[in-house]
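Beneath this line is the structure, given in structure tokens, with notes to follow.
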Amino acid sequence: MSDQTNILRLVADRLRVARRVVVVTGAGVSAESGLRTFRGATAADMPKDMQALWREFDPMKLATPEAFDANPEMVTRWYDWRRLGCLAAEPNPGHTALAAMERHIASRGGDFALFTQNVDRLHHRAGSQRVFELHGSIIEWRCVQTGETFEPEPTPFERFPPPSPFHPGALLRPNVVWFGEALPESVLLAAFDLAPKADLFFTIGTSSVVYPAAGFVEMAAREGAFTVEVNKDDTAATTRVDAVLRGPSGEILPRLIELAFEV
Ligand code: BV8
Numbered sequence: 551m552s553d554q555t556n557i558l559r560l561v562a563d564r565l566r567v568a569r570r571v572v573v574v575t576g577a578g579v580s581a582e583s584g585l586r587t588f589r590g591a592t593a594a595d596m597p598k599d600m601q602a603l604w605r606e607f608d609p610m611k612l613a614t615p616e617a618f619d620a621n622p623e624m625v626t627r628w629y630d631w632r633r634l635g636c637l638a639a640e641p642n643p644g645h646t647a648l649a650a651m652e653r654h655i656a657s658r659g660g661d662f663a664l665f666t667q668n669v670d671r672l673h674h675r676a677g678s679q680r681v682f683e684l685h686g687s688i689i690e691w692r693c694v695q696t697g698e699t700f701e702p703e704p705t706p707f708e709r710f711p712p713p714s715p716f717h718p719g720a721l722l723r724p725n726v727v728w729f730g731e732a733l734p735e736s737v738l739l740a741a742f743d744l745a746p747k748a749d750l751f752f753t754i755g756t757s758s759v760v761y762p763a764a765g766f767v768e769m770a771a772r773e774g775a776f777t778v779e780v781n782k783d784d785t786a787a788t789t790r791v792d793a794v795l796r797g798p799s800g801e802i803l804p805r806l807i808e809l810a811f812e813v
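Numbers given in the numbering used here equal positions in the sequence shown, counted from 1, plus 550.
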């Protein structure tokens, strides 16, 4: 039996009896829904008229308040393009498996929490209930003046940067957390409360380079959680977890649920 199969069985055995499960996901979980990962995106993914813009900037520089202040048109075009991509995408079997994991754990009286760095709302659409959005949501936009948020129509904005309907002269921005911005306090407090209590912790489809999200696996491990990484490649967390399931989350997670709960 292959090493990966043994590890999958070992993780399934732990999942079957776990009482408190915490999951952190990143862009890799949405890759099989056709959404480019954050560090894997290339200019070729962009519409022709935006490729020139993209070549000058990389996501790490675009996802900042400074980029928005310097070039609100370019940043809001990029985010609106991504927003429409997220709305057009469908949850993949990895998202569905995580919603099933939550149902199985809850049906046994266990505690489950899913913290996502993704802003695409695909976990919600797959049926996950207890989802904490660490980096906000691209589906919601907010008035930079009043802070009021709303979900724009599922069509492109007519003008860039889009004007706010809440305050004359103010702009709209995506309701995401940019680099240098604080994560939502309630979400952060939930992570600091739940990660150390986990008996089983999964880090799935994330390169584990963005903090504070990348630090939650350590918080769990320090208090004795069994930690598992699901990823196609090695990451900054690979050498620090107890078990590595190497491959696409859309294939690994459904097999894990089947082994743990359905056989
Ligand atoms: C903050 C916006 C403080 C939305 C994003 C230590 C502590 C605290 C902060 C820091 C710190 N050290 C440094 C910092 C600053 C900074 C940071 O972490 N910088 C990094 C680059 C070093 N952190 C911050 O600024 C955070 N803010 O801490 O504020 C503060 C406190 C008070 C007051 C003021 C400030 C804010 C971080 C959030 C930044 N916003 N995005 C958006 O546009 O999406 S982060 C951005 O990266 C995305 O949101 C993305 O979610 C996130 C992480 O990327 P990943 O999800 O991991 O995606 P990536 O492409 O990197 O990797 C994909 C992975 O999937 C790969 O491993 C790949 O192999 C794998 N994969 C691919 N396909 C599959 C797959 N795996 C499985 N199956 C597949 N099919």
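Backbone N, C-alpha and C define an ideal beta-carbon position, used for all residues, glycine too.
Enclosing beta strand (DSSP E) for residue i [first to last residue]
i, result
"V767", "From DSSP, V767 is part of no beta strand (DSSP E) but of the alpha helix (DSSP H) over 766-772."
"V737", "From DSSP, V737 is part of no beta strand (DSSP E) but of the alpha helix (DSSP H) over 735-744."
"P724", "722-726"
"A793", "793-796"
"V579", "Element bounds for V579: not the beta strand (DSSP E) but the alpha helix (DSSP H), 578-581."
"A663", "661-666"
"S687", "686-693"
Pairwise C-alpha distance: residue j and residue i
i, j, result
"R627", "I557", "43 Å"
"F700", "F665", "22 Å"
"P746", "A663", "12 Å"
"G774", "A748", "8 Å"
"E652", "W691", "28 Å"
"W631", "P609", "13 Å"
"G492", "L585", "Because residue 492 is not part of the residues shown, which for the chain are 551 to 813, the question remains open."
"D784", "H717", "46 Å"
"V573", "P622", "34 Å"
"D553", "V780", "15 Å"
"P643", "V579", "9 Å"
"A620", "R633", "21 Å"
"E801", "A741", "27 Å"
"G660", "R570", "6 Å"
For residue i, the nearest candidate out of the options (CA to CA)
i, options, result
"L637", "V726, E773, R671, L806", "R671"
"A617", "V571, V737, G730, P715", "G730"
"V694", "F766, D661, P715, D563", "P715"
"K640", "H674, P711, R569, E768", "Lys is not the amino acid found at residue 640; the sequence shown has Glu there. Looking at the Cα atoms, H674 is the closest of the given residues."
"L739", "M769, E703, S580", "M769"
"S736", "E683, E623, T587", "E683"
"E808", "E623, N642, R566", "R566"
"V791", "E801, G797, F752", "F752"
"A568", "E801, A647, A649, R658", "R658"
"G697", "A720, E801, P712", "A720"
"S799", "I688, P615, E582", "E582"
"I689", "P706, A771, T555, Q679", "P706"
"Q679", "A647, Y629, E708, F710", "A647"
"K782", "A613, L803, F766, V767", "L803"
Chain-order list of residues whose beta-carbon lies under 6 Å from that of residue i (same chain, five-residue window excluded)
i, result
"G576", "Q667, G755, T756"
"P704", "L637"
"S758", "A764, T785, A786, A787"
"H654", "F811"
"F710", "E623, T626, R627"
Sequence-distant residues of its chain with Cβ nearer than 8 Å to residue i (five each side left out)
i, result
"G686", "V669, P724, N725, V726, V727, P734"
"K611", "A617"
"P615", "W728, G730, E731"
"A771", "F751, T777, R790, V791, D792"
"P712", "T626, D630, W691, P702, L721, L722"
Close beta carbons around residue i, own chain, < 7 Å, minus the five adjacent residues each side
i, result
"V561", "V778, A793, L795, L806"
"L744", "V572, A663"
"P702", "W691"
"A650", "I807"
"R564", "L750, F776"
"A549", "Because residue 549 is not part of the residues shown, which for the chain are 551 to 813, the question remains open."
Where the alpha helix (DSSP H) through residue i begins and ends
i, result
"S799", "799-811"
"S657", "643-657"
"F618", "615-620"
"N556", "553-567"
"R675", "672-676"
"L612", "609-612"
Any non-hydrogen atom of the ligand HEM within 6 Å of residue i CB
i, result
"F751", "Within the structure as shown, the ligand HEM is missing, the only ligands being the ligand BV8."
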